[in-house]
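Protein chains in written order, with our numbering: chain A, 90 to 331; chain B, 90 to 331. Accompanying notes for the structure given below.
There are 2 protein chains.
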Amino acid sequence: MKLTEDQAYLSQYDTKQFDIPIYSVDVAIYTLHENQLNILLVQRAQAPEVGKWSLPGGFVDLKEDSTIEITAKRKLLSKTGVNAPHLEQVSTIGNASRDPRGWSVTTLYMALIPYAPTESFVEAVADAQWWPINDISGLDLAFDHHDLINTARERLKNKTAYTVLPIHIIRAPFSLTQLQQAFEILMDKKLEKKSFRRRMANAELLKEVGEGKPEGGKGRPAALYIPAPGSEEHLFTRAFND
Amino acid sequence: MKLTEDQAYLSQYDTKQFDIPIYSVDVAIYTLHENQLNILLVQRAQAPEVGKWSLPGGFVDLKEDSTIEITAKRKLLSKTGVNAPHLEQVSTIGNASRDPRGWSVTTLYMALIPYAPTESFVEAVADAQWWPINDISGLDLAFDHHDLINTARERLKNKTAYTVLPIHIIRAPFSLTQLQQAFEILMDKKLEKKSFRRRMANAELLKEVGEGKPEGGKGRPAALYIPAPGSEEHLFTRAFND
DNA sequence: TCAATAGTGTCTATAAGACATTATACT
DNA sequence: AGTATAATGTCTTATAGACACTATTGA
Chain A
90 MKLTEDQAYL SQYDTKQFDI PIYSVDVAIY TLHENQLNIL LVQRAQAPEV GKWSLPGGFV
150 DLKEDSTIEI TAKRKLLSKT GVNAPHLEQV STIGNASRDP RGWSVTTLYM ALIPYAPTES
210 FVEAVADAQW WPINDISGLD LAFDHHDLIN TARERLKNKT AYTVLPIHII RAPFSLTQLQ
270 QAFEILMDKK LEKKSFRRRM ANAELLKEVG EGKPEGGKGR PAALYIPAPG SEEHLFTRAF
330 ND
Chain B
90 MKLTEDQAYL SQYDTKQFDI PIYSVDVAIY TLHENQLNIL LVQRAQAPEV GKWSLPGGFV
150 DLKEDSTIEI TAKRKLLSKT GVNAPHLEQV STIGNASRDP RGWSVTTLYM ALIPYAPTES
210 FVEAVADAQW WPINDISGLD LAFDHHDLIN TARERLKNKT AYTVLPIHII RAPFSLTQLQ
270 QAFEILMDKK LEKKSFRRRM ANAELLKEVG EGKPEGGKGR PAALYIPAPG SEEHLFTRAF
330 ND
């Protein structure tokens, strides 16, 4: 009985009969380059806000995408060619004023990838460019993308204090010195070398895979590591201090 | 130039010309009652899934709501009459299969309120009912609401380990014993009394406001507390152990 | 041998876990 | 006095912070 009622209802249901918000997905893609946190921005090719820099993002393709996470992955892949990065949902922002086209909702994702110059990206997307995070405060970004970037930046900083999130933003294998530098840039704070190494050693989240050149080419060679399976889910019960 | 281009574009923009997902907001409202975590469910009055229990939720009212958080607050207020509860965004779920009407996205919020019987709610909403969280696993809920409830439940558990979130789920003023019981139910784990009290005392997040009866009416009276301003933002750098 | 980077030893500080003990009420 | 609940004392354990020290490489 309920089934037939539902079926009757659905047969005449039209998603366009109601006023609903515009829905989109945006991705804040971060990397490290020359000891700075960088974010990938694209220049808008279409109205509104043509020509302004913005986060890669856009609408769900109802035919091709089966989930919003796949939409986010598609945006990332089309701009960078990176296939399996660290990708996590940050938050959803929706209000009447953020988009001139009307009531708009966007789900913000954050991705971390090891650095590669934009020229190396598939199809060498001409409109995409890395920006040092400290250089964009003066930029006139599209919509509320300054806010979105700050929100993702905060998440990145907070999670770095009690996870091993930064392993995704550098290329494996890496030395502990390199990993610590990544932590320090993401947290915007110096860490004690001993504390850092003790934490990594005790947690057993890294696998040693040989030796490599030291930073700067001079000095004692460094042990190299790759993340152990399951390391990204690890939560430390104690965070680094603020 | 860009301005006129944008204006021309916007003047002919119609949100209904593209296929976009259905967008909704759902709220998982939790409380404590008789030493159990309860969640508020409503019985669906309309197709699809008529008659099934579900989370309070629904579509954004583009005329009345200015943000999605306000949509969530409106849903909460209309079901409970509670005006300023703890409300936080949990996550957004969007895929092609969760709603028979088509591609659907929902933003899940979580609210915590001190217990009040549903009969006391404004307009005494007839279709709303508290369910002990442990009693709903067998219920046939609408859509993917079992998943949503579990997602919010996990967030609740995790945040309780390093915040004072549970202060919102009991009525102030409260004793430390009552607060610890709330922590224990939300974490599903016994806590050491001394550790718990030491943490609360050191953090200075509670203000003593007098004395009250002990639990069960027998024994030494307990000091009563209310949350201090700003307490909800406090993050402990060290979590309770798993 | 010097300089540079990698890596360790060790003491202190902080806060949680465990559990015994004392305090204050009512009957 | 007996019992129940609130609150504290104190020892142990875990892990971060500080900082000096040793190890290994190339020039």
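Here a beta-carbon is modelled for each residue, glycine too, at the ideal position from N, C-alpha and C. Predicted, not measured: the structure shown is a model, and the values here were computed from it.
Run the CB neighbour count on residue i, radius 10 Å, all protein chains shown included, and call it buried at 16 or more, exposed below.
i: Leu228/B; result: exposed
i: Pro110/A; result: buried
i: Thr172/A; result: The amino acid occupying residue 172/A in the given sequence is Asn; Thr does not appear at that position. Counting Cβ neighbours within 10 Å, Asn172/A comes out exposed, since fewer than 16 surround it.
i: Ser186/A; result: exposed
i: Asp154/A; result: buried
i: Gln135/A; result: exposed
i: Val298/A; result: exposed
i: Thr249/A; result: buried
i: Arg287/A; result: exposed
i: Gly306/B; result: exposed
i: Lys91/B; result: With a pLDDT of 46 at Lys91/B, under the threshold of 50, the modelled position of this residue cannot be trusted, and the question is left open.
i: Pro206/A; result: exposed
i: Ser226/A; result: exposed
i: Thr242/A; result: In the sequence as presented, Thr is not what sits at residue 242/A; that position holds Arg. Per the 10 Å Cβ criterion, buried.
i: Phe107/B; result: exposed
i: Asn330/A; result: exposed
i: Asn291/A; result: exposed
i: Ser193/A; result: buried
i: Asn127/B; result: buried
i: Thr326/A; result: exposed
i: Ser113/A; result: buried
i: Gly183/B; result: buried
i: Pro174/B; result: buried
i: Lys164/B; result: buried
i: Ser209/B; result: exposed
So, does the CB of residue i fall closer than 9 angstroms to a CB anywhere in chain A?
i: Asn127/B; result: no
i: Thr156/B; result: yes
i: Asn330/B; result: yes
i: Thr160/B; result: yes
i: Arg163/B; result: no
i: Tyr119/B; result: no
i: Ile111/B; result: yes
Which first and last residues belong to the beta strand (DSSP E) in which residue i is found?
i: Phe148/A; result: 146 to 148
i: Asp115/B; result: 111 to 122
i: Leu245/B; result: Segment 234 to 249 is the alpha helix (DSSP H) holding Leu245/B; no beta strand (DSSP E) there.
i: Ser180/B; result: 175 to 184
i: Ala312/B; result: 311 to 316
i: Asn127/B; result: 125 to 132
i: Ala290/A; result: Unbroken run through Ala290/A is the alpha helix (DSSP H), 282 to 292; no beta strand (DSSP E).
i: Ala217/A; result: 217 to 221
Specify, as a first and last residue, the run of the alpha helix (DSSP H) that residue i falls within.
i: Gln269/B; result: 265 to 276
i: Thr195/B; result: Careful: Thr195/B lies outside any alpha helix (DSSP H), inside the beta strand (DSSP E) at 193 to 201.
i: Glu304/B; result: Segment: none, Glu304/B is in no alpha helix (DSSP H) and carries neither H nor E.
i: Lys279/A; result: Here Lys279/A belongs to no alpha helix (DSSP H), and DSSP marks it neither H nor E.
i: Leu230/B; result: Counting along the chain, Leu230/B falls outside any alpha helix (DSSP H), and DSSP gives it neither H nor E.
i: Leu254/B; result: No alpha helix (DSSP H) contains Leu254/B, which DSSP labels as neither H nor E.
i: Ser155/B; result: Segment: none, Ser155/B is in no alpha helix (DSSP H) and carries neither H nor E.
Consider the Cβ of residue i: report whether some Cβ of chain B lies at a distance smaller than 9 angstroms.
i: Leu324/A; result: yes
i: Phe107/A; result: yes
i: Ala250/A; result: yes
i: Val149/A; result: yes
i: Pro316/A; result: no
i: Pro145/A; result: no
i: Ile238/A; result: no
i: Arg327/A; result: yes
i: Lys91/A; result: Low confidence applies to Lys91/A: its pLDDT is 45, below 50, so where it sits in the model is not reliable, and the reading given next is rough at best. Yes, because at least one Cβ of chain B sits closer than 9 angstroms to the Cβ of Lys91/A.
i: Tyr98/A; result: Confidence in Tyr98/A is poor, its pLDDT being 49 and thus under 50, which makes the residue's placement too unreliable to answer from.
Along the segment 175 to 206 of chain B, where does the CB come closer than 7 angstroms to a CB of chain A? Name the residues. Here the close residues are Gln178, Ser180, Thr181, Gly183, Asn184, Ala185, Pro189, Arg190, Gly191, Trp192, Val194, Thr196.
Name the residues in the segment 255 to 274 of chain A whose C-beta lies less than 9 angstroms from a C-beta of chain B; which are they? Contact residues of the segment 255 to 274 of chain A toward chain B are absent (C-beta to C-beta distance below 9 angstroms).
Listed from N- to C-terminal order along the chain, which residues in the segment 285 to 297 of chain B have their beta-carbon within a distance smaller than 9 angstroms of any beta-carbon of chain A? The residues in question: there are none.
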